[in-house]
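**Q**
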Amino acid sequence: MHKEALSDSRGYRGRFAPSPSGPLHFGSLVAALASYLDAKVHQGAWLVRMEDIDTPRVVQGADNAILTALEKFGLHWDEQVEYQSQRHALYQHTLTQLKPDLYACNCTRKMIKQAGGLYQGHCKSLALDFSEHAIRLTQTHPIYQFTDLLQGQVNVPQDLADEDYIVKRRDGLFAYQLVVVVDDIEQKISRVVRGADLLEPTARQISLFKQLGYTVPEYAHVPLAVTEPGFKLSKQNHAPAINIDDPIPELLQALSFLGLSVTDDMKLSNVEEILTWASTQFSLAAIPQVLEKSIKL
Ligand SMILES: [Zn+2]
291 MHKEALSDSR GYRGRFAPSP SGPLHFGSLV AALASYLDAK VHQGAWLVRM
341 EDIDTPRVVQ GADNAILTAL EKFGLHWDEQ VEYQSQRHAL YQHTLTQLKP
391 DLYACNCTRK MIKQAGGLYQ GHCKSLALDF SEHAIRLTQT HPIYQFTDLL
441 QGQVNVPQDL ADEDYIVKRR DGLFAYQLVV VVDDIEQKIS RVVRGADLLE
491 PTARQISLFK QLGYTVPEYA HVPLAVTEPG FKLSKQNHAP AINIDDPIPE
541 LLQALSFLGL SVTDDMKLSN VEEILTWAST QFSLAAIPQV LEKSIKL
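Numbering (this note's numbering), first residue to last: 291 to 587.
(1) Identify every residue that forms a DSSP beta bridge with Thr437.
(2) Quick one: does the C-beta of His412 sit closer than 7 angstroms to a heavy atom of ligand 1?
(3) Report the three-state DSSP secondary structure of Glu372 (helix, strand or coil).
(4) Within a Cβ cutoff of 7 angstroms, which residues of the same chain sit near Val552, ignoring the five residues on either side of it in sequence?
(5) According to DSSP, which residues form a beta bridge with Phe521?
(6) Considering only residues of the same chain and omitting the five flanking positions on each side of Val512, which have a CB-CB separation below 8 angstroms?
(7) Would you check whether ligand 1 has a heavy atom nearer than 7 angstroms to the C-beta of Asn271?
(8) Can you grab the Cα-Cα spacing for the pair Glu341 / Asp328, in whole Å?
(9) Within 10 angstroms of its Cβ, does Glu518 collect 16 or more other Cβ (buried), or is it exposed?
(10) On the DSSP bridge assignment, give the partners of Arg426 in chain order.
(11) Which runs of the alpha helix (DSSP H) fall wholly inside the stretch 465-525 and span at least 4 residues, in chain order?
(12) Contact defined as beta carbons within less than 8 angstroms: I believe Thr386 pairs with Gln501. What is the distance between those atoms, to the nearest angstrom?
(13) Could you tell me whether the stretch 411-431 touches the stretch 453-463, using the rule of 3 or more Cβ pairs below 8 angstroms?
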């Protein structure tokens, strides 16, 4: 069953958070549209945040290409675009708050793989030096199940929920799990609408909200666009960029993907009109309750 409109619409704040590692492809357009339309339906704010914390993956200029594409598709954001790369002081401050629950870890990837893929607490009592190692957070608020507005009840394997996960990497970069939660807290995000590829890490993010003492946002994970089962569109597998010079065909395809009844005559319309119409039609309840959905490109 779908749960809808739990949040006070006046306080609705949503966001789209792409990583600037390449241009927007159809899959990221679907995620952007879903979060945008859900915010509009609730008269909420829609923010854009550049998830550029993983600096080795960042492609120069990709942030501007993404913002240009969003504008060409009529997805105008509220407030200023935030960049994770400019928020290190905020993340460091949060780590300081968590200090009593942090410890250093020198396990190699190989060791963890040999232990079955999950870290088993090997370094917890070793009191290793923080400066040269990855930093793990003692899991004090494990989440074994949660409710997704679209996917329903999600059960989390116990050993995954219990794992002390990395919050700062050996190379000194803050871990995605940490920064995404700190950003959502700081930007007062009330509902996260994003692709189902991020369903699994959600439990860990919920646990961090609780560990830091903040209200957990609502989550809705929309189906991933795949070309065939298991093959999601991604920057890593070189999915084609969306065509910013002719946005309407892909805009309509993405709306149809999200369960809206698009018609042929809409091809003659313009982006603004289509989005205005879509903002009155969109409902999470119309989106197929699946993790993946095939498309033809
Ligand atoms: Zn270790």
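By construction, the Cβ of each residue, glycine as well, lies at the ideal position given by its N, Cα and C atoms.
**A** Judging by the given coordinates:
(1) Gln443
(2) yes
(3) strand
(4) Leu542, Leu545 and Ser546
(5) Glu518
(6) Val320, Ala321, Ala324, Leu440, Val483, Arg484, Gly485, Ala486, Leu548 and Ile577
(7) A question about residue 271 goes unanswered here, because the residues of the chain that appear run from 291 up to 587.
(8) 21 angstroms
(9) exposed
(10) Tyr393 and Ile456
(11) 466-476 and 492-502
(12) The Cβ separation is near 14 angstroms, so there is no contact.
(13) yes
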